[in-house]
Amino acid sequence: MQDAEPFFIADALGLDFLNSIATPVDMPVETVGSGKALLAWLIRAGLIPTEVAEGFLENEVPGELDAVATQARALREWFRDFVSKHKGHPLTSGVIDELAPLNRILARDEEFGQIVASNSSSKALEWRQERRWRSPEALLVPIARSMADVICAEDFSHIRACEGTNCSLIFVDRTRGRARRWCSMSVCGNRMKVQAHRDRAKAAGKPIQRASRAGRMAQD
0 MQDAEPFFIA DALGLDFLNS IATPVDMPVE TVGSGKALLA WLIRAGLIPT
50 EVAEGFLENE VPGELDAVAT QARALREWFR DFVSKHKGHP LTSGVIDELA
100 PLNRILARDE EFGQIVASNS SSKALEWRQE RRWRSPEALL VPIARSMADV
150 ICAEDFSHIR ACEGTNCSLI FVDRTRGRAR RWCSMSVCGN RMKVQAHRDR
200 AKAAGKPIQR ASRAGRMAQD
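The sequence shown begins at 0 in numbering that gives the first Met the number 0 and counts up by one.
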């Protein structure tokens with residue numbers, strides 16, 4: 000297991016959280032393996048303000064944030080099972096009982112609205128959603144909300160798993176004709192094209208051309 004930058008390729012934050020552990024090449028990559036890593040992921044995803052993360056770090060009881068990260072990973076795997084079970088088909092109301100664990104977390108939400116001064120030149124005041132962060136467990140709420148957004152707003156018929164060998168990344172296919180196959184064309188797409196070329200050459204009995212090191216240096 001190795002640490003790395005998180006992936007945001009799914010076009011839906013709830014699915015991006017599933018991709019917070021992934022195998023895009025050969026080795027599993029875990030990006031929320033600790034409390035600090037979870038806070039970093041939430042900031043990168045835009046789900047919590049930086050000052051909220053700083054407040055939790057300053058007032059943390061030892062091990063408290065790591066325990067929440069463990070809960071977040073358990074929620075992630077619950078959601079992975081749900082998505083894996085239902086992707087490729089529209090959801091129906093018959094899944095409501097399966098969503099009880101998610102609804103229990105959502106019931107903890109302490110979101111409220113405030114009228115605040117606007118930074119826009121076209122208006123003086125605006126409505127802003129805020130949230131009370133009474134304990135580290137509250138960090139699970141925006142994650143659960145992002146999963147709820149996937150469930151309620153996305154067509155599960157368009158949720159795909161990358162077709163790259165060993166790749167475990169998941170995404171919403173928003174392309175015209177629903178033709179997206181790869182998490183990234185520059186990673187899995189190119190790798191699979193190269194592999195397909197080698198397979199065709201092998202089947203045809205042709206030698207696979209590889210530039211020699213000397214030749215590559217000469218070209219450079």
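Think of the CB as a built atom: it goes at the ideal place given N, C-alpha and C, for glycine as much as any other residue. These numbers come from a predicted model, not from an experiment.
So, is residue i buried or exposed, given that buried needs 16 or more other C-beta atoms within 10 angstroms?
{"i": "Arg-133", "result": "exposed"}
{"i": "Pro-89", "result": "exposed"}
{"i": "Gly-214", "result": "Residue placement at Gly-214 cannot be trusted, given a pLDDT of 43 that sits under 50; the coordinates are not used to answer."}
{"i": "Pro-61", "result": "exposed"}
{"i": "Cys-161", "result": "buried"}
{"i": "Ala-52", "result": "buried"}
{"i": "Val-171", "result": "buried"}
{"i": "Val-31", "result": "buried"}
{"i": "Val-82", "result": "buried"}
Note down the Cα distance separating residue i from residue j, rounded to an integer number of angstroms.
{"i": "Ala-195", "j": "Phe-16", "result": "With a pLDDT of only 49 at Ala-195, under the threshold of 50, the placement of this residue in the model should not be trusted, and no figure is reported."}
{"i": "Arg-79", "j": "Ile-42", "result": "22 Å"}
{"i": "Gly-112", "j": "Pro-135", "result": "21 Å"}
{"i": "Glu-29", "j": "Ile-20", "result": "4 Å"}
{"i": "Asp-96", "j": "Gly-13", "result": "19 Å"}
{"i": "Ile-233", "j": "Arg-75", "result": "As shown, the chain starts at 0 and ends at 219. That puts residue 233 outside it, with no answer to give."}
{"i": "Asn-58", "j": "Val-94", "result": "39 Å"}
{"i": "Arg-212", "j": "Arg-159", "result": "With a pLDDT of 40 at Arg-212, under the threshold of 50, the predicted position of this residue should be treated as unreliable, and no value is reported."}
{"i": "Ala-178", "j": "Glu-63", "result": "44 Å"}
{"i": "Ser-121", "j": "Glu-110", "result": "27 Å"}
{"i": "Ala-152", "j": "Leu-56", "result": "33 Å"}
What residues in its chain sit with their C-beta under 8 Å from that of residue i, if we drop five residues either side in the sequence?
{"i": "Asp-154", "result": "Pro-89"}
With distances taken between CB atoms, is the gap from residue i to residue j smaller than 9 Å?
{"i": "Ala-11", "j": "Asp-148", "result": "yes"}
{"i": "Arg-144", "j": "Ala-137", "result": "no"}
{"i": "Leu-37", "j": "Ala-73", "result": "no"}
{"i": "Val-223", "j": "Leu-105", "result": "For residue 223 there is no data in the structure shown, the boundaries of the chain being 0 and 219."}
{"i": "Pro-100", "j": "Trp-126", "result": "no"}
Suppose the cutoff is 7 Å on Cβ atoms and the five residues either side in sequence are ignored; what does the same chain contact list for residue i look like?
{"i": "Ser-33", "result": "Asp-65, Ala-68"}
{"i": "Lys-84", "result": "none"}
{"i": "Ser-183", "result": "Ile-8"}
{"i": "Ser-156", "result": "Gly-87, His-88, Pro-89"}
{"i": "Ser-117", "result": "Ala-123, Leu-124, Glu-125"}
{"i": "Asn-234", "result": "Residue numbering for the chain in the displayed model covers 0 to 219; residue 234 lies beyond these limits and cannot be assessed."}
Only counting the same chain, and skipping five residues up and downstream in sequence, which positions put a Cβ closer than 6 Å to that of residue i?
{"i": "Thr-22", "result": "Asn-165, Ser-167"}
{"i": "Leu-46", "result": "Pro-141"}
{"i": "Asp-108", "result": "Val-140"}
{"i": "Ala-44", "result": "Leu-12"}
{"i": "Cys-187", "result": "Cys-161, Gly-163, Cys-166, Trp-181"}
Ordered list of alpha helix (DSSP H) runs contained in the stretch 20-102, each at least 4 residues:
Residue ranges of uninterrupted alpha helix (DSSP H) with 4 or more members, entirely inside the stretch 20-102 and ordered along the chain, are 34-43, 49-58, 63-85.
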